[in-house]
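What follows is a set of notes on a single structure, which appears directly below.
Numbering (the UniProt record's numbering), first residue to last: 1 to 274.
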């Protein structure tokens, strides 16, 4: 009797796992992929990028945008100083003082150059001891003039810093008033904002309010200077005076000591100030 071939075993029924193995976890089930016999619906394809659900980031309606625009304001902090009456007055004064300091520097430099030339010409007729004495005196004068010119430049820088600091100190309440009048909750400097709508910029309105409230600020600055001078005129407390006594006994070591020439050659005049 001829042998008959044994029947092949039946394949197990397909499962959703087999479908995912064929399609991959990121591919949707196609029409040719068998569905789950249990009635489970195939999972939708997962996007390759991140998406923000609409419920998390809803679009702002007109009323929300209006409320947000009213809550936040921006100002150009540099512009409210430079374009205000106070800032324009301060910058004009600094420019005038700068021209005066530059002219005084030129005068002092020319005088030192003339003295140096005269000392050089007189060297041939002076004995070495007298020439060294005059050269030492010239060195001391160069040091004193240099210190005087440095002090003038520092005083000018302090004047500019004081005017600016007093302005922003006085501008705080005015800016607060502008914010409250517009019902805002926050005022930002435009330099800290990447991009914003022009409707929230209150720079011009702030400048107008500052000019009306503060004027050119000259009275405020004069009062501050008077307070500083009065405070400087008051004697120091006893503890501070005792602490400063040792330093005074050793002399002021912050100023450069006059150089004594070692070769009977006068020191050159300082470089001309810019």
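Virtual Cβ for every residue (Gly too), placed ideally from N, Cα, C.
Beta-carbon contacts of residue i that lie in its chain and below 8 angstroms, excluding the five residues immediately before and after
{"i": "residue 223", "result": "none"}
{"i": "residue 126", "result": "134"}
{"i": "residue 217", "result": "85, 86, 89, 90, 163, 166, 167 and 170"}
{"i": "residue 103", "result": "none"}
{"i": "residue 219", "result": "none"}
{"i": "residue 176", "result": "none"}
8 angstroms Cβ cutoff, residue i in contact with chain B
{"i": "residue 114", "result": "Any reference to chain B falls outside this structure, which holds one protein chain only."}
Which residues DSSP lists as bridging residue i, in chain order
{"i": "residue 76", "result": "Per DSSP, none; premise fails for residue 76."}
{"i": "residue 189", "result": "75"}
Sub-8 angstroms separation of residue i and residue j beta-carbons
{"i": "residue 202", "j": "residue 75", "result": "yes"}
{"i": "residue 207", "j": "residue 94", "result": "no"}
{"i": "residue 187", "j": "residue 209", "result": "no"}
{"i": "residue 77", "j": "residue 182", "result": "no"}
{"i": "residue 105", "j": "residue 149", "result": "yes"}
{"i": "residue 101", "j": "residue 158", "result": "no"}
{"i": "residue 184", "j": "residue 72", "result": "yes"}
{"i": "residue 112", "j": "residue 145", "result": "yes"}
{"i": "residue 138", "j": "residue 115", "result": "yes"}
Own chain, CB closer than 6 angstroms to residue i, minus 5 neighbours either side, in chain order
{"i": "residue 213", "result": "174"}
{"i": "residue 97", "result": "156"}
{"i": "residue 263", "result": "Confidence at residue 263 is low in this model, with a pLDDT of 45, below 50, so the placement of that residue is unreliable and no value is reported for it."}
{"i": "residue 229", "result": "none"}
{"i": "residue 189", "result": "77"}
{"i": "residue 108", "result": "145"}
Residues near residue i by beta carbon distance below 7 angstroms, same chain, minus five either side
{"i": "residue 83", "result": "207"}
{"i": "residue 211", "result": "84 and 85"}
{"i": "residue 234", "result": "none"}
{"i": "residue 198", "result": "none"}
{"i": "residue 123", "result": "131"}
{"i": "residue 205", "result": "178"}
{"i": "residue 200", "result": "69, 72, 73 and 74"}
Limits of the unbroken alpha helix (DSSP H) element including residue i
{"i": "residue 127", "result": "Taken as a continuous stretch (DSSP letters only), residue 127 belongs to no alpha helix (DSSP H), as it is neither H nor E."}
{"i": "residue 87", "result": "85-122"}
{"i": "residue 223", "result": "218-233"}
Q: Run through the segment 191-216 for me and flag every whole alpha helix (DSSP H) of 4 or more residues, listed as ranges in chain order.
A: 203-214
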